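What the sequence shown shows, in this note's numbering, is residues 117 to 716, in sequence order.
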Amino acid sequence: DYYSLQIYPMMGNEKRKAKITFLVPASWTARSVSCPIPTDMLQASKIPLEKLRILVKESPEFQNPTVPIVPEASFRRILDPDFGPCLETFIPGNYIGFSQIYLSFSHYVTNGLYLSTLGNGNEGIYQMAILPSKFFQLNQPKKLLFLFDFEKKNEYQAGGNQVYAELKNLLANYLDEQDYFNIIFSGPQPVMASKSWVRATPENMRQIFSLLGNTPVQNFSGLQDLLTNGIKFIRNTGNNGTMVLLANTDHYATNDSANLLMDYLKTFEPLPVTHVVDFDNTYTWYYFGGKYFRGNEYFYTLLTRHTKGNYYQYNYWDNNIADMLTKIFEISGGRITSFDLHTSMKEGFCFGRFNIEDPGQAIYLDKPILQVGKYYGNLPFVAELAGMYNGQPVMVQKEISASQVIPSDTLLAKMWAGNHIASLENTWNYDNEMISQIVESSLNNRVLSVYTAFLALEPGMEYAIEDPGNPDAGSGGNKIFAEDGVYALDRNRQPASQTTGINENSIQTTIFPNPFHNRTRITISISNFRVAGNIRFTIGIYDITGRKVTEFDPHELFFNGTMSVEWDGTDASGRQLKEGIYYLQISSTLFKKNVRLIKL
């Protein structure tokens with residue numbers, strides 16, 4: 117929502133390469149860590165991609181890369197001319213836009229805690245990931261029963277078998293061998309994957325998924341029979357388990373039909389905890405009880421409230437399937453309330469902490485806690501977690517020694533800077549001092565903010581601007597290069613003389629904000645301005661072709677030694693200029709100084 121990539125100047129028949137570096141959030145489980153591959157931006161291409169090349173640098177803490185949703189994407193070791201030794205795979209073009217694609221790794225976690233640091237002596241930055249269930253050693257076995265009810269007429273960006281493919285990957289990542297699962301599919305006769313709970317071992321999963329095939333979800337809705345079969349299965353196997361309904365159907369959308377089905381299900385009390393993920397994106401709205409409901413929303417609300425479950429709605433423009441299903445796995449292991457987390461050093465302290473997602477006062481045991489922060493002092497690193505679990509207080513403190521810490525690279529500094537900038541941008545107490553702090557941090561760390569923009573040129577593409585003040589320009593004359601700096605020649609085309617006491621270093625400029633959108637303030641000051649009376653100044657704005665677009669009266673600079681002017685991004689005729697790069701040129705008979713502006 118905030119950022120845009122603009123490539124200019126570029127004619128319609130030209131080509132340009134663009135390299136974008138950015139950080140993406142990681143999802144941690146007991147078995148793996150994964151991150152999304154942002155293939156959605158590639159759909160903007162006019163020419164569909166045949167395949168997407170993925171290169172991965174090997175590291176000791178993240179190993180065995182896979183792309184779970186793309187079974188044919190196996191990695192091989194190569195020696196790339198640009199990146200050196202790495203692992204390579206390709207994603208076929210037909211997967212781009214099919215669903216969210218994740219890159220997954222096995223990870224190195226000690227007692228439920230991962231820690232990497234980037235240090236300089238006894239101070240530095242850390243990244244921490246905590247798996248609460250492992251940290252507290254509260255690994256309660258889970259039993260999850262998944263119910264599928266899908267019709268093709270309601271499919272849009274999330275078909276039943278597409279959801280099933282994502283579920284298979286998440287089952288392998290989130291369930292331990294002490295956990296159990298089963299699956300039931302709607303049909304003329306509901307189809308159950310197994311007559312008993314399936315222990316979540318890798319071998320058992322392979323067998324079940326092999327028997328079911330890749331397209332077990334039928335184009336059929338039988339919600340009442342499906343829920344009845346699910347309730348009876350849990351009751352007949354010890355009355356211990358959670359149901360997860362994955363559906364896109366809408367046959368119980370009216371309040372009368374929803375209430376009748378709910379009354380029928382209550383005859384099987386006690387009902388198991390039931391979560392619902394609603395994938396219906398072709399829904400009809402219904403109004404009753406002073407509220408609007410979409411599709412089966414009213415029934416799902418009744419069911420989840422009655423069973424103390426959760427109801428999630430999938431919106432294709434705002435969610436992806438894997439993220440929606442991940443919520444189910446994260447909440448299924450229980451939670452800790454009145455939660456508190458404190459980090460420190462054995463000899464020292466931690467500060468500047470940022471949680472990637474604020475856990476608040478309650479955390480789910482199977483949802484990781486991710487934090488970046490700064491430290492001062494010496495290892496061991498100390499993490500202390502406390503809260504209430506099942507009505508009882510719990511507190512665990514663990515130390516991570518130097519031998520257990522993973523050394524990080526400079527990307528960790530950018531992670532901290534990015535979170536620091538985001539925290540400042542999200543505050544309600546805006547003032548110019550805070551904006552200046554955001555800009556300074558953004559520029560120092562090369563991390564974008566809403567107030568900054570970066571210009572990147574390919575090697576050999578430094579643009580030369582014809583000097584409009586030089587009559588020889590365009591025929592071997594002087595050129596001003598597209599970079600902030602000074603161009604200074606005396607009248608004999610030699611470096612400017614210092615005898616006047618006025619030179620390019622005597623000119624100070626402040627342009628804020630820069631880059632700018634609607635307007636920016638330009639402040640120019642000159643030292644030793646009392647001897648500047650014999651020097652003629654001109655102040656103008658030029659585009660990248662060297663054409664003067666507007667100019668400012670420099671008389672204030674003569675008399676006061678400083679001038680300030682607000683520029684609204686228009687030319688001398690008051691017309692709004694296009695977005696792009698412009699140059700403020702302060703010129704005299706002795707020198708020229710050029711400062712770049714970027715109009716967004």
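We treat Cβ as the ideally placed atom computed from N, Cα and C, and that holds for glycine.
Note that this is a predicted model, so its numbers are computed, not measured.
### Distance between beta carbons of leucine 362 and leucine 263, contact taken as under 8 Å
About 7 Å separates the two Cβ atoms, so the contact holds.
### Task
Taking proline 152 as part of the beta strand (DSSP E), name the residues at either end of that continuous run.
Per DSSP, the continuous beta strand (DSSP E) segment holding proline 152 begins and ends at 148-153.
### Query
Between the segment 336-356 and the segment 272-290, are three or more C-beta pairs nearer than 8 Å?
In short, these stretches do not touch, since the Cβ pair count stays below three.
### Message
Per the DSSP calculation, glutamate 667 is bridged to which residue(s)?
### Response
Bridge partners of glutamate 667 according to DSSP: Gly656.
### Candidates Asp669, Gln553, Gly405 and Val225: closest to isoleucine 516 by CA position
Taking each of Asp669, Gln553, Gly405 and Val225 in turn and checking the Cα distance to isoleucine 516, the smallest one comes out for Val225.
### Query
Since tyrosine 491 and glutamate 239 are thought to touch, with beta carbons under 8 Å apart, how far apart are those beta carbons, to the nearest angstrom?
Cβ atoms of tyrosine 491 and glutamate 239 come within 8 Å of each other, at about 7 Å.
### Between the CA atoms of phenylalanine 668 and aspartate 684 - distance to the nearest angstrom
The alpha-carbon atoms of aspartate 684 and phenylalanine 668 are separated by roughly 13 Å.
### Query
Which residue or residues does DSSP assign as beta-bridge partners of threonine 636?
Answer by DSSP bridge pairing, in chain order: Trp683.
### Task
Run the CB neighbour count on histidine 458, radius 10 Å, all protein chains shown included, and call it buried at 16 or more, exposed below.
Per the 10 Å Cβ criterion, exposed.
#### Entry: Close Cβ partners of valine 389 (< 8 Å) along its chain, the five nearest in sequence each way excluded
Apart from sequence neighbours up to five positions away, the residues of its chain that approach valine 389 with a beta-carbon distance below 8 Å are Thr358, Met359, Thr423, Lys424 and Gly425, ordered along the chain.
#### Entry: As assigned by DSSP and simplified to three states, the class of lysine 167
If DSSP states are grouped into helix, strand and coil, lysine 167 belongs with the strands.
### Message
For histidine 391, which residues in the same chain have their Cβ closer than 6 Å to its Cβ, ignoring the five residues on either side in sequence?
### Response
Once the five neighbours on either side are set aside, the close Cβ partners of histidine 391 are Val360, Gly425, Asn426 and Ile444.
### Task
Could you tell me if asparagine 494 is buried or exposed, where buried requires 16 or more neighbouring beta carbons within 10 angstroms of its beta carbon?
When all chains shown are included, asparagine 494 counts as exposed.
### Message
I'd like the span of the alpha helix (DSSP H) that includes glutamine 553, first residue to last.
### Response
It spans 548-561 - the alpha helix (DSSP H) in which glutamine 553 sits, taken as one unbroken run.
### Message
Starting from glycine 534, trace the alpha helix (DSSP H) in both directions and tell me its first and last residue.
### Response
For glycine 534, the enclosing alpha helix (DSSP H) starts and ends at 527-541.
### Task
Report the residue from Asn355, Tyr402, Phe628 and Glu682 whose alpha carbon sits nearest the alpha carbon of serine 373.
Checking every option, the nearest Cα to that of serine 373 belongs to Tyr402.
### Query
With C-beta atoms as the reference, is tryptophan 144 less than 8 Å away from alanine 281?
No; because the gap between Cβ atoms is not below 8 Å, this pair is not in contact.
### Task
Quick one: measure Cβ to Cβ for phenylalanine 632 and leucine 716, integer angstroms, because I've assumed they're closer than 8 Å.
In this structure phenylalanine 632 touches leucine 716 by the C-beta definition: roughly 7 Å separates them, less than 8 Å.
### Message
Threshold first: 3 residues or longer. Then list the beta strand (DSSP E) segments lying entirely within the segment 168-217, N to C.
### Response
As far as the segment 168-217 is concerned, its whole beta strand (DSSP E) runs of at least 3 residues are 178-182, 192-196 and 200-208.
### Query
On the three-state DSSP scale, how would you describe arginine 691?
Of the three classes helix, strand and coil, the one that applies to arginine 691 here is coil, per DSSP.
#### Entry: Residue burial classification, methionine 550 (beta-carbon count within 10 angstroms, cutoff 16)
By the Cβ neighbour-count rule, methionine 550 is exposed, with fewer than 16 other Cβ atoms within 10 Å of its own.
### Task
Report yes if the C-beta distance between valine 186 and leucine 219 is below 8 Å; otherwise report no.
Result no, Cβ atoms of valine 186 and leucine 219 do not sit closer than 8 Å.
#### Entry: Contacts around proline 197, its chain only, beta-carbon distance under 8 Å, and the 5 residues preceding and following it disregarded
Excluding residues within five positions, none has a Cβ falling inside 8 Å.
### Task
Inspect the CB distances between the segment 252-266 and the segment 300-310 and report whether three or more fall short of 8 Å.
Verdict: yes, contact present.
### Query
Going by other Cβ atoms of all chains shown within 10 Å of its Cβ, with 16 needed for buried, is valine 488 buried or exposed?
Looking at its Cβ environment, which holds 16 or more other Cβ atoms inside 10 Å, valine 488 is buried.
### Query
Would serine 310 pass as a contact of threonine 353 if the rule is Cβ separation under 8 Å?
By the CB criterion at 8 Å, serine 310 and threonine 353 fall outside the cutoff.
### Local conformation of leucine 261 per DSSP, three classes
DSSP places leucine 261 in the strand class (E or B) of the three-state scheme.
### Cα-Cα separation, phenylalanine 349 to glycine 503
When rounded, the distance between both Cα atoms is 35 Å.
### Message
Whether or not the segment 551-569 and the segment 527-542 are in contact is what I'm after, with contact meaning three or more pairs of Cβ atoms, one per stretch, closer than 8 Å; do they touch?
### Response
They touch, by the three-pair rule.
### Task
Could you pull the start and end residues of the beta strand (DSSP E) that phenylalanine 497 belongs to?
Phenylalanine 497 -> beta strand (DSSP E) spans 485-505.
#### Entry: First through last residue of the beta strand (DSSP E) which encompasses glycine 464
For glycine 464, the enclosing beta strand (DSSP E) covers residues 451-471.
### Query
What three-state label does DSSP hand isoleucine 241 in the structure shown?
Here DSSP, grouped into helix, strand and coil, assigns isoleucine 241 to strand.
### Query
Does the distance from the CB of asparagine 270 to the CB of aspartate 396 come in under 8 Å?
Contact annotation: asparagine 270 and aspartate 396 have beta-carbon atoms nearer than 8 Å.
### Bounding residues of the alpha helix (DSSP H) (the contiguous stretch that carries glutamate 446)
437-447 is the span of the alpha helix (DSSP H), which, as asked, contains glutamate 446.
### Residues sharing a beta bridge with valine 510, DSSP
In the DSSP output, where bridge partners are listed per residue, valine 510 has Gly503.
### Query
From glutamine 614 to lysine 133, what does the alpha carbon distance come to, in whole angstroms?
Note that glutamine 614 scores a pLDDT of 38, beneath 50, so its modelled location is shaky; the value from the coordinates is reported in the next line. Spanning the alpha carbons of glutamine 614 and lysine 133 requires a straight line of approximately 44 Å.
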